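Numbering (full-length UniProt numbering), first residue to last: 1 to 117.
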């Protein structure tokens, strides 16, 4: 038997608080108040270790998550949002920093080998 969805009985699936007139999130066909949803389902940011709430954009890569403002190069701290980046040793880097630290170099001239060379 399903829950009664009349407005007087529309409650959070977790804490049973009334959601009538309140913001809520629907997950797996169940309504949750914002507090319960974030406490149960929100990811923690790799950079600041704080919860990524519903008001924040959750950026993810290989099952790791960041706030949009925390998605930065580990070396130069430039934003990596909508940019190519590399990952090494559980850190993320902009293309320039990644190449400078990890790309193969020519034994003769020391230049970095770029893709296609």
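Even for Gly, the Cβ is constructed at its ideal location relative to N, Cα and C.
Please read these numbers as outputs of a predicted model, since none were measured by experiment.
Item, Value
"State the Cα-Cα distance for the pair residue 101 and residue 84, rounded to the nearest angstrom.", "16 angstroms"
"Comparing C-alpha positions only, which one of 48, 49, 54 sits nearest to residue 36?", "54"
"Taking just the CA atoms, how far does residue 87 sit from residue 6?", "For residue 6, the predicted structure reports a pLDDT of 45, less than 50, and the residue's modelled location is therefore unreliable. A value from the coordinates is still provided. Looking at the two C-alpha atoms, the distance is approximately 50 angstroms."
"Below 7 angstroms CB to CB, which residues in the same chain sit around residue 1 once its five sequence neighbours on both sides are set aside?", "Residue confidence for residue 1 is low, a pLDDT of 40 falling below 50, so the modelled location carries little weight; the figure read from the coordinates is stated next. So no residue of the chain qualifies."
"Looking at the secondary structure, which residues open and close the beta strand (DSSP E) in which residue 112 lies?", "Taken as a continuous stretch (DSSP letters only), residue 112 belongs to no beta strand (DSSP E), as it is neither H nor E."
"So if DSSP puts residue 24 in a beta bridge, which residue, or which two residues, is it bridged to?", "33"
"Please report the straight-line C-alpha distance between residue 69 and residue 99, rounded to a whole angstrom.", "23 angstroms"
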